[in-house]
Amino acid sequence: EHDPLIPHFFSLSFGQQVPGLIVSCDGLESKSEITEARAGGQGGRERPQSRTPGKLSFTPLQIKLFVLRGDTFFEDWFTLIHQYGKFKQSTRNGSIQMYDSENTVIAQWDITGAWPSKIAYSDLDADSNDAMSVTVTLAYENFERVQ
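Using the working numbering, you'd call the opening residue of the sequence shown number 682 and step up by one each time.
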């Protein structure tokens, strides 16, 4: 119950299970700007500075996957938004699930309003034995840890 979460593997779903083999998922981060205010007090004394939460923002996700033959999930989604201009219809809600070594879900984050803003392939190198990978940058509106 109090042990740290140790991931064995991850899965992604955005309307359907993403078929790629996920290497990493970075950038699940939200932050609030800090709004500061100063005011004078009674008798000309300065009151302590107050700090309140400001605008909330979310860091885009960087998802690295191995490229599988015939898997064009993110490319098709990217094309739908950027080539055909179907942005409003193409944002998706999804989730990231983290599994332990016994294939049990140990954590889940739900993501709202996601869309791929960038796709970057690993270098094409005939001298390398490394598997080809793709890094997808997903912009999104919100996330919440639900498990």
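Don't be surprised by glycine CBs; every beta carbon is placed ideally from N, CA and C.
Tell me where the beta strand (DSSP E) around residue i begins and ends.
{"i": "ASP806", "result": "Unbroken run through ASP806: none, as it is neither H nor E."}
{"i": "ASN676", "result": "With the chain covering only 682 through 828, there is no way to say anything about residue 676."}
{"i": "ASP707", "result": "702–707"}
{"i": "PHE690", "result": "690–694"}
{"i": "ILE715", "result": "710–718"}
Could you tell me the distance, in whole angstroms, from the CA atom of residue i to the CA atom of residue j?
{"i": "CYS706", "j": "HIS763", "result": "23 Å"}
{"i": "SER738", "j": "GLU717", "result": "18 Å"}
{"i": "TYR821", "j": "SER731", "result": "30 Å"}
Judging by CA-CA distance, which residue of the options is the nearest neighbour of residue i?
{"i": "ILE687", "options": "SER776, ALA788, PRO797", "result": "ALA788"}
{"i": "VAL786", "options": "ARG826, ARG732, PRO734, PRO700", "result": "ARG826"}
{"i": "THR772", "options": "PRO685, HIS689, PHE695, ASP684", "result": "PHE695"}
{"i": "TRP790", "options": "ILE703, LEU709, VAL699", "result": "LEU709"}
{"i": "LYS767", "options": "TRP796, ILE777, GLY735", "result": "TRP796"}
{"i": "ALA812", "options": "LEU702, SER776, ARG732, ILE792", "result": "LEU702"}
{"i": "PRO729", "options": "ARG719, GLY735, LYS736", "result": "ARG719"}
{"i": "SER803", "options": "SER809, VAL699, SER814", "result": "SER814"}
{"i": "LYS799", "options": "GLY735, GLN743, PHE747, ASP781", "result": "GLN743"}
Quickly, what does DSSP pair residue i with across the bridge? List them, please.
{"i": "VAL817", "result": "ILE744, ILE800"}
{"i": "GLN698", "result": "SER694"}
- Query: Along the chain, which unbroken stretches of the beta strand (DSSP E) at least 3 residues long are found entirely within the stretch 734–791?
  - Reply: Counting only runs of 3 or more, we get 742–747, 773–780.
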